[in-house]
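If you read the sequence shown in numbering that gives the first Met the number 0, its first letter stands for residue 0, the second for the next number, and so on.
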Amino acid sequence: MSSDCHQALVLVFFGTTKDEGLRVYDHIEAFMGQRHPDMQVCRAFTSQMVIRRLHDRGIAVPNLTEALNILKQQGIKKVAVVPFLIVPGQEYGKIRSVLAAEQELEWVCAAPLLHSDDDIQAVIEALDQEIPPGIPTVIACHGNEQHDQFNHEIRVFAQRIEASYPQVMVATIEGDAPGQAPLLKAHQMALQAQAVHFIPLMLVAGDHVMNDIMGDEPDSWKAQVAAETTTCSKPAGMNDRILELYCQHLDAAYSGGTL
């Protein structure tokens with residue numbers, strides 16, 4: 000893949016207001032910058048609500064349209080867009096719509112993390128070292144309550160990884176694909192193991208991880224499983240094996256693109 004000073008790498012995130020989450024984005028930017036040292040790297044968010052809240056704190060982050068306009072003003076001619084999303088859902092559709100309307104820039108766009116059957120197997124392999132032997136492990140995905148079709152990749156991922164690791168369950172914050180029903184199985188297994196481990200298949204450890212999963216409220220996942228010992232992996236954005244898969248998706252986009 001060739002790169003020059005007229006190219007930019009746009010990393011697109013849903014967005015977060017949490018300082019911990021912003022530090023994850025910093026890590027991702029540094030990782031991608033090392034992989035593509037000759038390209039200008041910038042970030043954009045898809046959530047206007049997050050953009051507004053950060054603006055109120057004096058932190059300016061553009062949406063994708065704004066980011067592309069800024070780059071054009073700087074003389075950039077070509078952009079590579081990496082959507083840091085887990086599944087090809089609503090946010091991916093927003094990104095593709097913006098790019099489809101772009102007429103001045105040459106662009107390529109990478110796929111989200113779980114986009115193909117091969118991706119699912121690659122993610123399972125990337126998570127292998129996060130799964131402690133003999134400890135019931137819950138992989139936490141976001142899920143989609145309103146649009147069930149966007150849960151397809153999560154369902155396939157759950158079937159595949161649960162078949163490979165008998166101590167692993169996949170649960171979702173939203174929707175019933177598979178929802179939170181697996182927490183009952185985790186509770187039953189934790190009675191014997193006296194421990195449970197959570198792996199967030201989410202880019203940052205925001206409200207969902209800190210409150211829904213690891214919070215002290217009685218309805219948190221930690222409380223529902225009620226294990227003697229509860230541990231949690233870092234979010235997916237801090238797992239360089241996962242970030243490498245996003246890089247592979249970018250390479251694939253270049254192979255099929257025009258840059």
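From the three backbone atoms N, C-alpha and C, an ideal C-beta is built for every residue, glycine too.
Residue i - containing beta strand (DSSP E), residue span
i, result
"Ala-139", "136-140"
"Ile-58", "Taken as a continuous stretch (DSSP letters only), Ile-58 belongs to no beta strand (DSSP E), as it is neither H nor E."
"Phe-44", "39-44"
"Phe-197", "194-199"
Residue i in three-state terms, based on DSSP
i, result
"Leu-10", "strand"
"Pro-165", "coil"
"Pro-181", "helix"
"Ala-109", "coil"
"Thr-229", "strand"
"Thr-171", "strand"
"Met-188", "helix"
"His-151", "helix"
"Asp-211", "helix"
"Ile-85", "coil"
"Gln-47", "helix"
"Val-203", "coil"
"Gln-145", "coil"
"Ile-130", "coil"
Residues near residue i in its chain [Cβ-Cβ closer than 6 angstroms; skip 5 each side]
i, result
"Pro-241", "The identity of residue 241 in the sequence shown is Ile, whereas the question assumes Pro. If we look at Ile-241 and ignore the five residues flanking it on each side, its Cβ neighbours are Ala-125, Ala-235."
"Ala-109", "Val-81, His-248, Leu-249, Ala-252"
"Leu-84", "Glu-90, Tyr-91, Pro-111"
Continuous alpha helix (DSSP H) stretch holding residue i: start and end
i, result
"Lys-221", "220-224"
"Lys-76", "That residue, Lys-76, is in no alpha helix (DSSP H); it is neither H nor E in DSSP."
"Phe-30", "18-34"
"Asp-116", "116-126"
"Gly-255", "239-255"
Own chain, CB closer than 7 angstroms to residue i, minus 5 neighbours either side, in chain order
i, result
"Tyr-161", "Just to set this straight, residue 161 is Glu in the shown sequence, not Tyr. These residues qualify, in order along the chain: Val-167, Met-168, Val-169."
"Met-237", "Val-23, His-26"
Status (buried if at least 16 other CB within 10 Å, exposed otherwise) for residue i
i, result
"Pro-132", "exposed"
"Gln-6", "buried"
"Ser-1", "With a pLDDT of 40 at Ser-1, under the threshold of 50, the modelled position of that residue is not reliable, and no figure is offered here."
"His-141", "buried"
"Glu-129", "buried"
"Ser-232", "buried"
"Gln-72", "exposed"
"Gly-92", "exposed"
"Pro-165", "exposed"
"Ala-29", "exposed"
"Arg-42", "buried"
Cβ neighbours of residue i in the same chain (closer than 8 angstroms, five flanking residues each side left out)
i, result
"Glu-243", "Ala-125"
"Leu-104", "Leu-67, Leu-70, Lys-71, Ile-75, Lys-76, Lys-77, Val-78"
"Glu-173", "His-141, Gly-142, Asn-143, Glu-144"
"Ala-180", "Ala-170"
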